[in-house]
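Asks: One gets the working numbering by counting positions in the sequence shown from 1 and adding 9 to each.
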Amino acid sequence: MIDLHYVPSGNNLKIGIALEELGLRYRPVRHDMFGGSHQKPEFRRINPNAKLPAIVDHEPTDAGEPLAIFESGAILLYLAQKTGRLMPADWRRFQVAQQWLVWQVAGLGPMLGQANHFCRYAPEGQDYAVQRYLREARRLLTVLDRQLRGREFIADEFSMADIACFPWAAGTRSIGIEPDDFPALAQWIARIEQRPAIAAARTAIFDGDRAKYLQARAKLTPQEWSTLFGDQLLAAARAD
Ligand SMILES: N[C@@H](CCC(=O)N[C@@H](CS)C(=O)NCC(=O)O)C(=O)O
10 MIDLHYVPSG NNLKIGIALE ELGLRYRPVR HDMFGGSHQK PEFRRINPNA
60 KLPAIVDHEP TDAGEPLAIF ESGAILLYLA QKTGRLMPAD WRRFQVAQQW
110 LVWQVAGLGP MLGQANHFCR YAPEGQDYAV QRYLREARRL LTVLDRQLRG
160 REFIADEFSM ADIACFPWAA GTRSIGIEPD DFPALAQWIA RIEQRPAIAA
210 ARTAIFDGDR AKYLQARAKL TPQEWSTLFG DQLLAAARAD
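1) Assuming Glu-74 contacts Met-10 under a Cβ cut-off of 8 Å, what Cβ separation, rounded to an integer in Å, is found between them?
2) Evaluate Leu-243 with the Cβ neighbour count: other Cβ atoms within 10 Å of its Cβ, from every protein chain shown; 16 or more gives buried, anything less gives exposed.
3) How many angstroms separate the CA atom of Ile-207 from the CA atom of Arg-158?
4) Any heavy atom of ligand 1 within a distance shorter than 6 Å of the CB on Ser-18?
5) By DSSP, does Arg-39 sit in helix, in strand, or in coil?
6) For Glu-29, collect the residues of the same chain with a Cβ closer than 7 Å to its Cβ; drop the 5 residues on either side in sequence, then sort them by chain order.
7) Cutting at 8 Å between CB atoms, please list the residues of its own chain near Gly-82, excluding the five before and the five after it.
8) Alpha carbon to alpha carbon, what distance is there between Arg-144 and Cys-256?
9) Can you list, in chain order, the stretches of the alpha helix (DSSP H) that have 4 or more residues and sit fully within the segment 98 to 140?
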C-alpha cells in the first residue's frame with residue numbers, strides 16, 4: 010500500500026495518473042494547503058520541503074521500513090523502478106524520456122508555476138513578471154510541441170515523461186494560454202485524455218471540484234496568503 014499525500018493540483022495529478030496507470034494500491038491523504046497542514050512537523054518528517062505530492066511506500070522494494078519519497082519527478086522514477094514499467098526498456102529511449110521528465114520538473118513546472126502565481130495569486134499590476142513568465146511558458150510549450158511533431162508520445166512510447174508534462178500542458182487555460190495554439194501538443198493532450206487512468210486520477214485528486222482550481226483569479230484570505238506565500242510560510246519552515 011502506498012500513501013499519496015496530495016492537494017488538488019497538477020504536480021499531484023501526475024502521481025495519481027502514474028498510480029492508476031500502474032494499478033498500484035494507494036490511499037489518498039488529502040492536505041489542506043490553504044490551512045498549512047503540510048507545514049506541520051509531522052508532514053515535514055515525510056517531506057522536509059513541506060510541499061505536495063509525497064508518498065510513503067509501505068511495501069518498498071527492499072522489504073524494509075516504509076519509505077517516504079518527495080518531489081514529483083523522483084516519485085515517478087521511483088514508481089517506474091519499483092514496477093519496471095512506464096520508462097522505456099530501450100536504453101536510448103530511456104535517456105529521451107528521462108531528460109524530458111527532468112525538463113518538466115526543472116523548467117516547464119517552475120515557469121508555469123510562476124506564471125500561475127503572477128496571473129492568479131499576486132496583487133494586480135505585476136506586468137513585467139506576468140509577461141516574463143507567460144513568454145517563457147509559451148516558449149517551453151513551443152519546445153514541447155516541436156518534440157511531439159510526428160510522434161505519438163514524447164519518447165515515442167507512453168512514459169513517465171508524458172505523465173510529468175501532461176497536467177501542466179493541459180492546464181494552461183487558467184493563465185490564458187490556449188493549448189490549441191500548439192497543434193501537435195493539442196493532439197497529444199487529446200490522445201492522453203482517452204486513457205482511463207486520466208479520468209480516474211482526476212476524480213481521485215480533484216474530488217470533483219476541479220473547476221475551483223482553474224479559476225482565473227484565486228481568492229485567498231490574508232491568513233491563507235500568508236500560509237502559502239508570506240511570513241507564515243517562512244515561520245513554518247523555521248519551526249521545529
Ligand atoms: N517541485 C515540487 C513542487 C511541489 C509543489 O510546489 N507543490 C505545491 C502544490 S502543486 C505545494 O505543495 N504548494 C504548497 C506550498 O507551497 O506551501 C514537485 O514537483 O513535487
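Glycine included, every Cβ here is placed at the ideal spot set by N, Cα and C. Computed from a predicted model, the values in this text were never measured in an experiment.
Replies: The short version:
1) Residue numbering aside, residue 74 sits at position 65 when the sequence shown is read from its first letter. Residue numbering aside, residue 10 sits at position 1 when the sequence shown is read from its first letter. Separation of the CB atoms of Glu-74 and Met-10 is rounded to 14 Å, and the pair is thereby denied contact status at 8 Å.
2) Within the sequence shown, numbered from 1, the residue matching residue 243 stands at position 234. Within a 10 Å sphere around the beta-carbon of Leu-243 sit fewer than 16 other beta-carbons, which makes this residue exposed.
3) For the purposes of this step, residue 207 is identified with residue 198 of the sequence shown, where counting begins at 1. For the purposes of this step, residue 158 is identified with residue 149 of the sequence shown, where counting begins at 1. For Ile-207 and Arg-158, the distance between alpha carbons rounds to 22 Å.
4) Stepping through the sequence shown from its first residue, residue 18 is reached at position 9. Answer for Ser-18: yes, Cβ within range of ligand 1.
5) Taking the sequence shown and counting its residues from 1, the one referred to as residue 39 is at position 30. In the three-state scheme derived from DSSP, where H, G and I count as helix and E and B as strand, Arg-39 is classed as strand.
6) Stepping through the sequence shown from its first residue, residue 29 is reached at position 20. Cβ within range, chain order: Ala-206, Ala-209 and Ala-210.
7) What you label residue 82 is simply residue 73 of the sequence shown in a count that begins at 1. Around Gly-82: Leu-110, Val-111, Gln-113, Val-114 and Ala-173.
8) Residue numbering for the chain in the displayed model covers 10 to 249; residue 256 lies beyond these limits and cannot be assessed.
9) If we require 4 residues or more, the alpha helix (DSSP H) runs fully inside the segment 98 to 140 come out as 100 to 112 and 118 to 125.
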